[in-house]
Amino acid sequence: MDKRLNIGVLISGRGSNLQAIIDGIDRGEVAAQISVVISNEPGAYGLKRAGTHGIPALVVNHRDYENREAFESRLIEILKEYGVELVVLAGFMRVLTPTFLKAFPMRVVNIHPALLPAFPGVGVQEKAADYGVRFSGCTVHFVNEGVDAGPIVAQAVVPVFPTDTGEILADRILKMEHQVFPKVIHWIAEGRVHVEGRRVFVDGAKVDEEIAFIEPSL
Ligand code: GAR
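Residues 80 to 297 in the numbering used here are what the sequence shown spells out, letter by letter.
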């Protein structure tokens with residue numbers, strides 16, 4: 080791997096997706112380097128994970144800013160300072176406005192713990208379980224002005240059982256998140272991802288037309 084994509088990771092909490100990306104990079108499976116991790120929450124455990132790996136970890140507490148624009152301007156300033164080429168939202172619980180997105184057009188990716196466009200927003204694992212859907216999963220998408228509405232790069236599907244709590248389902252989905260997010264970052268780093276309107280093309284992606292899931296199983 081020669082040129083590595085410079086990524087900045089924004090978090091708000093635990094940072095298990097951040098850890099999966101760090102581990103993918105360490106294993107040589109993700110052609111990227113994390114130049115900075117920023118949390119809007121001072122107590123975020125993900126900050127410790129970054130520190131352990133020698134990655135600069137900063138807090139930009141949104142509560143210290145007058146409005147979203149001021150908060151986002153500070154984020155942009157730091158990310159540019161660190162030469163960030165792709166912004167990765169890994170459990171970042173703030174909605175970004177056009178102020179931010181204009182600074183990184185189609186260069187912000189998010190992971191969401193549901194099969195978008197079903198269940199946008201927060202607390203979605205419990206909502207999916209309570210709704211009684213038979214499948215849920217995770218979605219990695221580019222971020223646009225809508226909430227959880229940008230072009231979809233990849234999704235992973237997991238079954239949902241009537242006995243599931245939101246927590247049980249969240250754990251099942253999280254395992255998929257940890258597989259899919261580092262992969263998508265790698266594809267982007269390799270320049271294999273192209274967006275045309277809402278459709279996202281991944282060069283060299285495997286195609287399996289026969290794939291199908293039925294739950295309960297027949
Ligand atoms: C993950 O499940 C992620 O999909 C979700 O928050 C969790 C963060 O976990 N993100 C959102 O809900 C974004 N709206 P982590 O901090 O352990 O990566």
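Built from N, CA and C at the ideal position, the CB exists for glycine as well.
Give me the residue from the options with the minimum Cα distance to residue i.
| i | options | result |
| --- | --- | --- |
| K285 | W266, E275 and I293 | W266 |
| F280 | A233, F260 and V259 | A233 |
| I101 | I157, F260, G276 and D282 | F260 |
| V201 | V188, M172, A110 and G122 | M172 |
| T178 | Y210, E160 and V222 | V222 |
| E148 | A182, E275, E289 and I113 | A182 |
| G133 | V115, R142, G170 and G92 | V115 |
| G225 | L97, Y144 and L175 | L175 |
| D209 | P121, D243 and F150 | D243 |
| Y124 | L97, A110 and G103 | L97 |
| E269 | L165, E256, A207 and F198 | L165 |
| K262 | M185, H220, S91 and D143 | H220 |
| R142 | P184, E120, K206 and R106 | E120 |
| G283 | G103, I247 and H273 | H273 |
| P241 | R83, P295, G92 and D105 | P295 |
| R118 | L248, L89 and A111 | Residue identity differs from the one stated: residue 118 is Ser in this sequence, not Arg. Answer by Cα proximity: L89. |
| P196 | G229, A99 and L84 | G229 |
| A235 | P192, E289, I247 and E288 | P192 |
Does the Cβ of residue i have 16 or more other Cβ atoms within 10 Å, making it buried, or fewer, making it exposed?
| i | result |
| --- | --- |
| R128 | buried |
| M80 | Because the pLDDT of M80 is 48, which lies under 50, any placement of that residue in the model is unreliable, and the number read from its coordinates should be weighed accordingly. Under this definition M80 is an exposed residue. |
| E160 | exposed |
| T131 | exposed |
| F292 | exposed |
| L297 | exposed |
| Q258 | exposed |
| V203 | buried |
| I190 | buried |
If the criterion is Cβ atoms closer than 8 Å, does the pair residue i and residue j meet it?
| i | j | result |
| --- | --- | --- |
| I113 | I155 | no |
| F214 | V188 | no |
| A169 | G276 | no |
| C217 | I252 | yes |
| V167 | R153 | no |
| V163 | A207 | no |
| I157 | L137 | yes |
| P184 | D227 | no |
| L84 | A110 | yes |
Of all the CB atoms in chain C, is at least one closer than 8 Å to the CB of residue i?
| i | result |
| --- | --- |
| N223 | Within the model displayed, chain C is absent; a lone protein chain is all it includes. |
Where DSSP assigns a beta bridge to residue i, which residues make up the other side?
| i | result |
| --- | --- |
| F221 | V188 |
| A233 | V219 |
| I90 | S118 |
| Y100 | The sequence as given places Ile at residue 100; Tyr does not occur at that position. According to DSSP, which records beta bridges pairwise, I100 is partnered with nothing at all. |
| A136 | V116 |
> Hey, which unbroken runs of the beta strand (DSSP E) at 3 residues or more fall wholly within the region 159–218?
Replying inline: 165–168 and 187–191
>> List, from N- to C-terminal side, the beta strand (DSSP E) runs of 3 residues or more that fit wholly inside the region 259–287.
In response: Every unbroken stretch of the beta strand (DSSP E) spanning 3 or more residues and falling wholly within the region 259–287 is given here in chain order: 272–275 and 278–281.
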